[in-house]
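**Student:**
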Amino acid sequence: MAVSQASIIEALEKTCADLNRDEFIFSFLDAYGFPKSTITRLRNDGDSRNVGQGGDIGLKKKLYFRVVPTGSDVSAEADTLKDSDIIARNDIRFVITTDFETLVAFDLNADERLETSLDELSRNYAFFRPLAGYEKAVMYSEHPADLKASEKMGQLFDLIRERNDLSKPADIHALNVFLTRLLFCFYAEDTGIFTERQMTSTLEACTREDGSDVDQFFSDLFTVLNLPDQAPERQRMPEHFRQFRYVNGGLFRADEPIPEFGRKARRILLDCGSLDWSQINPDIFGSMFQAVIDEEQRGNLGQHYTSVSNIMKVIQPLFLDTLYAELEKSRQSEKRLKELLLRLQNLRIFDPACGSGNFLIIAYKELRKLEMEIINALNALGKQAEMYYSGIKLTQFYGIEIDDFAHEVATLSLWLAEHQMNMTFKEKFGYAEAALPLRDGGNIVCDNSLRRDWEEVCPPKDEQGNAYEVYICGNPPFAGYNSRSPSQNLDMERVFKGFKKFKDLDLVTSWIWLGAKYISASGNELAFVTTNSITQGEQVSLIWPKIFDLGLNIHFAWQSFSWRNNAKNNAGVHVSVIGISSTKDERRIYKRSHDDWVCHSVRKISPYLVEGSEVIVQGTSKAISAPHSMVRGSQPTDGGHLYLTDEQKREILAEDIGNEQWIRKIVGAEEFLKGRSRWVLWLANATREDLDNLSPTIKKRLNAVSEVRLNSSNRHTQELADTPHLFWQNNQPEHGNYILVPAFTSERRAYIPIGFMSAETITSNKNYLVPDGSLYEFGILTSEMHMDWMRTVCGRLKSDYGYSTSLVYNTFPWPDASEAKRKHIESLAEEVLLTREDYPDKSLADLYDPDKMPAPLLAAHKALDRAVEALYRDRPFRDASERLEHLFNRYEKLIAEEQARAPVKKTRGGK
């Protein structure tokens, strides 16, 4: 059935607006594309297609529709009907009941419930789309229970918002606290903390169906959960509340307002209680629930958490590997194993941008697993008679989170993780601490971590001055220059006081810098997920020298990878993982090898995340090894009056064919990459007599240029108003060829489309050029060696690579080459150009699109790449990382040689 979304909505709107009760179900079926013959047969009494009884309409495997009298409880009727034999016998998917004011439906396959007014039925059209042959999109998650629970809680949030004023921050905070407490209760009744369905069944039995007393129910419930079992106030409460045990842990301590509920909200509460909350995964549920509360993020459920595999990239090399290595060394020593247990009980994990707690939760779980391994090792030494309980406490886990709701969820999720690990502990050893009362939760503060003193939140030393073992980790916000809020810019001003050009840094560097200062004073370690741009281009020189000056170094790094989580649609950002310390001697780089990661032990890690020293590539006005200089293309500063379209060119030539000598083809980045035609008036060699005899149209254009320059605020530009026929800056070679490099290129391209141009074609300041550049220089610049260097040291405009003379070209370490090898490179470079010419109908943008690049062109580039690599060393490089290591080593030597050649400056007194 081909039924469009728009046609379903339109048909449902019409059906409900022009309501005919007798025809409603038939119009409904028609809206979802049921055959006319089926609808006609259902209209006829006694037809075998209708499995409904007593006036109901039913279709096997499809739906069962019942009208209930006005004033009846539509929800109760739906609950009764869905559990009846007739539904099971006919394998009904959708059960629908209505009194033509309210409609309640169940999708029994998806285990979903809908309650809506008839007026809003069209807005909920998607609930019934399987009737039209379109199955609902199943959101990708390793834990479907998290998705279903998140969606249900989102529906509850919407209903609460309809009935309650949430305009003040205090109201929002109260709701956040309520929702996290509610989550705990749902989880508790399915995991043995409460008795099975204790809260849900009590809510159902002890509150009115209209929901008017639900707020009082929760007020009493939360009160009793905060009262010790023997408290006098508890004894005065009704029996059904006294049966709930004391929870403690601070979860129910504060007296916060409870929102008002209605009939629908009460029904959703009961629906939530019917889910199996024991399957909820606290690693990700908090982030998903946080997303569902934000309507703009609901379509991306499952994308807003950090996957366990990516969290492990941080915490495994940061502390887990070391601790497990210590376990292996200690397996035969009871003393050392007990010391390791004590170490676990005293270390601290601190996430200063913790969100809903993913890093803290995974770190907690992994440390609990390690603790169980240590206990196993002690038991293997014959210590089975000794009973070990977990000594790892939630109070060892610290966080700062600016969002109030995320802060509440993080605290809750740690409690849930603790209970899960206690159950795992019990399965393994047969005993565990009692679930209730809860122990104190994690030390998670709701605040702005770029303004709060980290040492105040997570002290690095005890009162006697003894240092704690603290590991800082997390995934702070990435925001670049163009995506930060004004408040975040102010935060960066505070964090980077005294820094130059700090605004060019990504926001994530704020946490790196504060973390670096924290660990430099305490001897601890940190590791963050970061944007890969802080290890590229100008940002490297802005942040890393400051970090190294603190006596710190990079002790492990995961090279750049696409930031992926367990969501169906993954974010397009590229990140790295960087670990920093002052004490680690062992350095490790994790590199991608095909579909796997390989760990390499190295002597040092450069800020570009390759093996090498801490030398940072600094822009220079003079090339350190290039055979020719690179300059910017010529800049007109003409207000557009020197430029001509094809039509304008024809008009000027029609006026006087002699004008052709003054018109030249010009290429900016757009014209060069996309093959567009554009022209310019080029009068660089015109004499005074030539200028006097120009055609009226050209003179008019030159007068317009003069006016534009006179109105400029730049004094030099004003002075050039006297020579409007000349470009503001002319870097165009007069003869021969030149190499053209676009100023910006897409990060998707494996190669920058570089041009080899005749001097007859003018290039604008949107490109760079190498005057007199030969095919040899073209071959080197278009090679993979140069592309890897460019990608690493260049700047960025959004996600595009920004080429730079000073930072890329002038710093690039050129190879040495014999005359024979130069000729070989030239022939391969020419082959690249000739292969391009085989595709005259395709622009360079098309030819170098990675999804469209012709195989012969790619093959020509690969042949050139191999030849250029051979100029640097005899054996091929394994990958980009190895090429970069070689280039950085060569760069360091070239810089050292240049410094050695530099004359020594004399001091006063001739010394």
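Its first residue numbered 1, the sequence shown is counted upward by one per residue in full-length UniProt numbering. Backbone N, C-alpha and C define an ideal beta-carbon position, used for all residues, glycine too.
1. Consult DSSP for residue 548 and reduce its assignment to one of helix, strand or coil.
2. Which two residues bound the contiguous alpha helix (DSSP H) that contains residue 310?
3. Among all the DSSP beta bridges, which residues are the ones paired with residue 815?
4. Consult DSSP for residue 771 and reduce its assignment to one of helix, strand or coil.
5. I need the straight-line Cα distance from residue 571 to residue 596, nearest angstrom please.
6. Taking C-alpha atoms, which residue in 493, 491, 753 lies nearest to residue 743?
7. Which of helix, strand or coil does DSSP assign to residue 742?
8. Under a CB-based cut-off of 9 Å, is residue 167 close to chain C?
9. Can you tell me which of 460, 198, 280 puts its alpha carbon nearest to the alpha carbon of residue 270?
10. Please tell me whether residue 702 and residue 725 are closer than 9 Å, where the distance is taken between their beta carbons.
11. Name the two residues that bound the continuous alpha helix (DSSP H) containing residue 27.
12. Are the stretch 253 to 261 and the stretch 210 to 229 touching by the rule of at least three beta carbon pairs closer than 8 Å?
13. To the nearest angstrom, how far is it from the Cα of residue 343 to the Cα of residue 548?
14. Do the CB positions of residue 9 and residue 125 come within less than 9 Å of each other?
15. Give the list of continuous beta strand (DSSP E) stretches no shorter than 3 residues that lie fully inside the stretch 578 to 634.
16. Whole angstroms is fine: what's the gap from residue 637's alpha carbon to residue 757's?
17. Which term fits residue 303, buried or exposed, when burial requires 16 or more other beta carbons within 10 angstroms of its beta carbon?
18. Could you compute how far the alpha carbon of residue 370 sits from the alpha carbon of residue 606?
19. Should residue 557 go down as buried or exposed, given a rule of 16 or more other Cβ atoms within 10 Å for buried?
20. What does a CB cutoff of less than 7 Å around residue 439 pick up in its chain, not counting 5 residues either side in sequence?
21. Checking 9 Å against the spacing of the C-beta atoms, do residue 704 and residue 732 come in under that value?
22. Going by alpha carbons, who is nearest to residue 131 out of 31, 881, 655?
23. Where does residue 63 land, buried or exposed, given buried means 16+ other C-beta within 10 angstroms?
24. Can you check whether the CB of residue 454 is closer than 9 Å to the CB of residue 518?
25. Between residue 645 and residue 576, how many whole angstroms is the CB-CB distance? I'm expecting something under 8 Å.
26. What alpha helix (DSSP H) runs, 4 residues minimum, are completely inside the stretch 680 to 718?
27. Could you check if residue 476 is buried or exposed, using at least 16 other CB atoms within 10 Å of its CB as the buried criterion?
28. Thinking C-alpha only, which one of 578, 551, 516 is nearest residue 533?
29. Which runs of the beta strand (DSSP E) fall wholly inside the stretch 377 to 444 and span at least 3 residues, in chain order?
30. Counting beta carbon pairs with one atom in the stretch 776 to 793 and one in the stretch 861 to 878, are three or more of them shorter than 8 Å?
31. To which residues of the same chain is residue 117 closer than 7 Å at the C-beta, ignoring the five residues directly before and after it?
32. Beta-carbon separation of residue 612 and residue 889 under 9 Å?
33. Grouping DSSP H, G and I as helix and E and B as strand, with all else coil, what is residue 16?
34. Taking contact to mean at least 3 C-beta pairs separated by less than 8 Å, is the stretch 235 to 247 in contact with the stretch 427 to 439?
35. If we ignore side chains and look at the alpha-carbon of each, how far apart do residue 542 and residue 509 end up?
36. Using the Cα positions of residue 374 and residue 322, report the straight-line distance between them to the nearest angstrom.
**Tutor:** A quick look at the data gives this:
1. helix
2. 308 to 315
3. DSSP output for residue 815 lists no bridge partner at all.
4. strand
5. Bear in mind that the predicted position of residue 571 carries a pLDDT of just 44, short of 50, making it unreliable; the figure below should be weighed with that in mind. When rounded, the distance between both Cα atoms is 20 Å.
6. 753
7. strand
8. The structure shown has no chain C; it contains just one protein chain.
9. 198
10. yes
11. 24 to 31
12. yes
13. 29 Å
14. yes
15. 587 to 593, 596 to 602
16. 23 Å
17. Interpretation of residue 303 is limited by its pLDDT of 38, a score under 50 that renders its predicted location unreliable; the figure taken from the coordinates is listed afterwards. The residue in question, residue 303, is buried, as its Cβ has 16 or more Cβ neighbours within 10 Å.
18. 32 Å
19. buried
20. 249, 393, 394
21. no
22. 31
23. buried
24. yes
25. 46 Å between Cβ atoms; not a contact.
26. 688 to 692, 696 to 710
27. buried
28. 578
29. 397 to 401
30. yes
31. 101, 102
32. yes
33. helix
34. yes
35. 10 Å
36. 14 Å
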